[in-house]
Amino acid sequence: MRFVDEFRDPELGRALSGEILSLVEPGRHYKLMEVCGGHTHSIYKYGIDDLLPANVELVHGPGCPVCVIPMGRVDDGIAIAHQDGVIFTCFGDMMRVPGSSGSLLDAKAAGADIRMVYSPLDALRIAKHNPERQVVFFAIGFETTAPSTALTLKRARAEHLPNFSVMCSHVTIVPPVRALLESPDLRLDGFIGPGHVSTVVGARPFEFIPADYGRPVVISGFEPLDILQSIEMILRQLAAGRCEVENQYKRVVPYEGNLRALEVMAEVFELRPHFEWRGLGFISHSGLKLTEAYAELDAEARFSVPGVRVADPKACQCGEVLKGVIKPWECKVFGTACTPERPIGTCMVSSEGACAAYYNFGRFAREREVV
Amino acid sequence: MCLAIPGQVIEIVDDANRLAKVDVAGVRRNVSIGLLDGEDGGVVPGDWVLIHVGFAISKVDEEEARATRDLLVRMGADYEQELEELKASVIE
Ligand code: SF4
């Protein structure tokens with residue numbers, strides 16, 4: 019148990035893995051999904067898999083915002099970036115996501131003015147300082163990030179900034195989880211609920227999981243001990259035949275979420291009828307667009323974008339990874355044609371993506387198994 | 151961009167636009183505190199917050215902030231990159 023020694027409280031770590039062992043029924047296989055990429059990262063980094071009994075399997079979910087952006091959206095972004103007078107801004111993680119003919123980084127090398135920003139407010143400042151240019155912000159992310167874009171848009175509108183617009187690719191967390199629960203190829207026993215998304219949406223939106231699908235959910239913090247404790251809480255529910263939403267991360271996540279953030283989002287965004295997810299296909303009511311009142315700040319309306327749907331590359335099995343059907347290393351191109359330096363699929367781009375997390379940390383775990 | 155990093159509010163720098171100066175591991179930058187308005191009186195200097203893409207998204211106590219920072223420091227490269235990106239940020 020080399021890894022437990024790195025925990026904040028190794029004793030508690032050992033106690034929890036003992037608890038977990040006593041809660042599982044021998045002969046029963048448990049599949050638990052961690053929805054959030056941040057959890058995937060911690061799980062690989064701390065080798066939490068190795069602390070669990072062999073019949074408790076962790077499946078990595080779709081909660082990495084960069085990983086779910088489809089190729090067609092990247093192509094649309096690049097098309098806008100190449101227009102005359104445009105400064106195209108995006109988060110650093112987004113730069114390397116492959117589109118059908120290269121990434122934003124490649125487009126930048128080819129001469130487009132593409133700038134990495136830390137915050138949508140940085141993009142807004144660039145717009146103010148470059149009144150003769152059109153500044154577009156490529157907005158991605160779940161409900162953790164969407165309120166920030168919303169507040170930025172409110173400010174842009176209040177200040178009547180004519181040269182700022184947003185290409186809105188925000189997504190919501192509940193529809194893909196519901197799609198996974200409906201998916202016949204996957205039988206999940208419980209969910210480790212996302213931590214940061216829940217600071218905004220709260221715990222309530224996850225109540226449908228126990229109510230409609232009879233599966234427990236435990237919203238979890240990011241420390242290895244948090245994750246271990248959340249697994250213990252899920253297994254305890256299963257052992258007792260209970261299923262409900264529990265909040266392991268109470269110290270940060272209020273059950274009601276952040277009402278102010280929800281209010282701002284509701285004012286600025288509305289649901290798209292459907293949105294395409296990389297690897298998962300179209301999911302209805304899963305993406306956000308700007309409401310009528312903000313339509314003039316919508317980059318997709320301001321610049322005509324091709325909006326072409328591009329199929330994922332043949333070699334790429336990101337869909338199966340995002341659905342937890344295969345493990346990253348089971349993809350044919352994992353670590354060979356597809357690496358963090360030269361990603362084919364999105365799961366290899368962000369360090370929160372399952373493939374990148376596994377590539378960076380998981381190999382050590384597997385080497386340990388071999389020796 | 152997925153990380154939420156802890157910082158301490160130093161001062162409110164622009165009340166109308168709800169901007170505050172925060173200290174994140176010695177790096178001092180402006181972030182928006184507008185998403186915490188109304189949450190038990192909003193944010194005041196001295197408060198610890200989790201910051202994501204230039205916005206404080208939740209208040210935390212000091213112990214939680216320190217524990218989160220320790221966790222991030224142990225994450226290594228990703229936290230460092232996040233700090234680099236924060237350093238490059240100029241919110242006004
Ligand atoms: S190895 Fe690359 S192509 Fe295969 S699933 Fe992972 S990211 Fe996608």
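Chains as they are written, first to last, in our numbering: chain C, 19 to 389; chain S, 151 to 242.
Ideal Cβ placement from N, Cα and C applies to all residues, glycine included.
What do you reckon, is the C-beta of T364 of chain C under 7 Å from a heavy atom of the ligand SF4?
-> Yes; taking the cut-off as 7 Å, the Cβ of T364 of chain C has a heavy atom of the ligand SF4 nearer than that.
Could one say the Cβ of L236 of chain S lies closer than 8 Å to chain C's Cβ atoms, at least one of them?
-> Chain C, which has a Cβ nearer than 8 Å to the Cβ of L236 of chain S, makes this yes.
In chain order, which continuous runs of the beta strand (DSSP E) of length 3 or greater are located wholly inside the segment 86 to 139 of chain C?
-> Within the segment 86 to 139 of chain C, complete beta strand (DSSP E) segments of at least 3 residues are found at 104 to 108 and 132 to 134, given in chain order.
Under 8 Å between C-beta atoms, does A154 of chain S make it to chain C?
-> Yes - at least one Cβ of chain C is within 8 Å of the one on A154 of chain S.
Identify every residue that forms a DSSP beta bridge with G81 of chain C.
-> In DSSP, G81 of chain C forms a bridge with C:C54.
Which whole-angstrom value is the C-beta distance of V1 of chain C and I191 of chain C, which I expect to be below 8 Å?
-> What is shown of chain C runs 19 to 389, which leaves residue 1 of chain C out entirely.
From the DSSP output, read off the bridge partner residues of F379 of chain C.
-> For F379 of chain C, no pairing in a beta bridge is given by DSSP.
Could you work out which residues of chain C lie near E242 of chain S, taking near to mean beta carbons separated by less than 7 Å?
-> The contacting residues are R143.
Can you list the residues of chain C that E214 of chain S reaches, using a CB-CB cut of under 8 Å?
-> Contact note: E214 of chain S reaches chain C through R269 and V270, using a C-beta cutoff of 8 Å and chain order.
Got a sec? Which residues, its chain only, sit under 6 Å from E230 of chain S by beta carbon, not counting five neighbours each side?
-> Result list for E230 of chain S: empty, nothing under 6 Å.
Should R168 of chain S go down as buried or exposed, given a rule of 16 or more other Cβ atoms within 10 Å for buried?
-> Around the beta carbon of R168 of chain S, 16 or more other beta carbons sit within 10 angstroms, so the residue counts as buried.
Going by CA-CA distance only, name the one from S:D197, S:S182, S:V193 and S:L185 that's closest to A215 of chain S.
-> Ranked by Cα distance from A215 of chain S, the first of S:D197, S:S182, S:V193 and S:L185 is S:D197.
Is any beta-carbon of chain S found at less than 8 Å from that of N276 of chain C?
-> Judged by the 8 Å Cβ criterion, N276 of chain C is in contact with chain S.
The alpha helix (DSSP H) spanning A206 of chain S covers which residue range?
-> Per DSSP, A206 of chain S is not a residue of any alpha helix (DSSP H); the beta strand (DSSP E) it occupies stretches across F205 to V210.
Which stretch, first to last residue, makes up the beta strand (DSSP E) that contains C186 of chain C?
-> Counting along the chain, the beta strand (DSSP E) containing C186 of chain C begins and ends at F182 to H188.
Ordered along the chain, which non-local residues of its own chain (more than five positions away) have a Cβ less than 7 Å from that of N148 of chain C?
-> Beyond the five residues adjoining it in sequence on each side, N148 of chain C comes within less than 7 Å, by CB distance, of I105 in the same chain, given in chain order.
Any C-beta of chain C sitting closer than 8 Å to the C-beta of Y229 of chain S?
-> It does not; no Cβ of chain C falls within 8 Å.
CB of P88 of chain C within 8 Å of CB of E318 of chain C, strictly = Contact flag unset, no.
What residue does the beta strand (DSSP E) around V181 of chain S start on, and which one ends it?
-> Segment V177 to S182, the beta strand (DSSP E) holding V181 of chain S.
Closest by CA to S137 of chain C, which one among S:V193, S:D164, S:V203 and S:V177?
-> Residue S:V203 is the option with its Cα nearest to S137 of chain C.
Reduced DSSP secondary structure (H/G/I, E/B, other) of D207 of chain C = DSSP places D207 of chain C in coil when its eight states are reduced to three.
Check whether the Cβ atoms of S239 of chain S and D140 of chain C lie closer than 8 Å to each other.
-> Taking 8 Å as the Cβ cut-off, S239 of chain S and D140 of chain C qualify as a contacting pair.
Tell me Y48 of chain C's beta-bridge partners as DSSP assigns them.
-> Answer is C:V74, bridged to Y48 of chain C.
Taking buried to mean at least 16 other C-beta atoms within 10 Å of its own C-beta, is K63 of chain C buried or exposed?
-> The residue in question, K63 of chain C, is buried, as its Cβ has 16 or more Cβ neighbours within 10 Å.
Is there a Cβ from chain C that is less than 8 Å from the Cβ of I207 of chain S?
-> The Cβ of I207 of chain S sits closer than 8 Å to at least one Cβ of chain C.
Coil, strand or helix - M19 of chain C by DSSP | Summary for M19 of chain C: the model assigns pLDDT 46, below 50, so the residue's position carries little reliability; its value from the coordinates is reported in the next sentence. Residue state for M19 of chain C is assigned as coil, using DSSP reduced to three classes.
Test item: CB-CB of K49 of chain C and L206 of chain C under 8 Å = By the CB criterion at 8 Å, K49 of chain C and L206 of chain C fall inside the cutoff.
For Q335 of chain C, does the three-state DSSP call read helix, strand or coil?
-> In this structure, Q335 of chain C counts as coil in the three-state DSSP scheme.
Please decide whether L169 of chain C counts as near chain D, where near means a Cβ-Cβ distance under 8 Å.
-> The structure shown contains no chain D; its protein chains are C and S.
Could you list which residues in chain C have their beta carbon closer than 8 Å to that of G188 of chain S, in chain order?
-> Those within 8 Å of G188 of chain S in chain C are L277 and R278.
Roughly how many angstroms lie between the CA atoms of E405 of chain C and V163 of chain S, to the nearest whole one?
-> This structure does not reach residue 405 of chain C, given that chain C is present from 19 up to 389, and the question cannot be answered.
Taking 8 Å as the CB-CB limit, is V194 of chain S close to chain C?
-> Not an interface residue.
Contact set between V210 of chain S and chain C, taken where Cβ atoms lie within less than 9 Å | Correct list: R269 and V270.
Skipping 5 residues on each side, what residues in its chain have a beta carbon closer than 7 Å to that of I245 of chain C?
-> Here I245 of chain C has H57, S60, I61, I66, I210 and S238 as same chain residues with Cβ atoms under 7 Å from its own Cβ, once five neighbours each way along the sequence are excluded.
Answer yes or no: the CB of F352 of chain C versus the heavy atoms of the ligand MN, is any distance below 7 Å?
-> With respect to the ligand MN, the structure shown offers nothing to examine, as its ligands consist of the ligand SF4.
Decide if R296 of chain C is buried, meaning its Cβ has at least 16 other Cβ atoms within 10 Å, or exposed.
-> Under this definition R296 of chain C is a buried residue.
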